[in-house]
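Residue numbers (UniProt numbering): 1 to 167.
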C-alpha cells in the first residue's frame, strides 16, 4: 500500500445476484482506491460500506497497513471510522473539494436563514440586499473584474450592503 491512500465514492451501476431472493441488487455507489503520491488507481470496489472496506483493507498485512501515513477521503463517517480502525497510524485528511463544498453549503444556509428572517419581518429592502449575493461570494475577485468589468464596483457595494444587514 502507498504512503498516501485516497478513497472516494462515485456513482456506478453494477450489481450482485442474490441466489436466495433470485434478483439483482444494484450498488449505486462504488469506491475508487488510489495512490495519492503516484496519482494511480489501485482498485475499484463495488461497495462503499465501512464493513466492506474494512474487510477489503484487512486482507493486507499489518505492516503494509502501517506503511500508510495519510488516508484521504471525504467527510463520510463510514470512511473516517474505518480508517481509524484499519490504519491507526495514518493521519486522516479530508479531500479539499468536500471541505469547500461544505463551506459553500454552510454560507448558503446562512444566507437563506437571513432571507427568511427578512421575509417574515417584512423587511424587503434588507431581503433584496442579501438576495443573489452567494454567486458574488463564490466568485474570485479576478473573475469578477474580468466578467463584470465596469459593474465590479457595483458588486463590491452590493456585498458591503449585504454584510451590513446580515453580518
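No residue lacks a Cβ here, since even glycine has one placed at the ideal position from N, Cα and C.
These numbers were taken from a predicted model, which means no experiment stands behind them.
According to the DSSP assignment, residue 110 belongs to the alpha helix (DSSP H) that extends over 96-121.
Beta-bridge annotation (DSSP): residue 44 is paired with 32. Boundaries for residue 10: no alpha helix (DSSP H) harbours it, while the beta strand (DSSP E) harbouring it runs 4-11, taken from the DSSP string.
By the CB criterion at 9 Å, residue 63 and residue 6 fall outside the cutoff. Residue 60: not part of any beta strand (DSSP E); DSSP gives it neither H nor E. For the set 50, 45 and 153, the Cα lying nearest the Cα of residue 141 is the one of 153. With a threshold of 16 other beta carbon atoms within 10 Å, residue 129 meets it and is buried.
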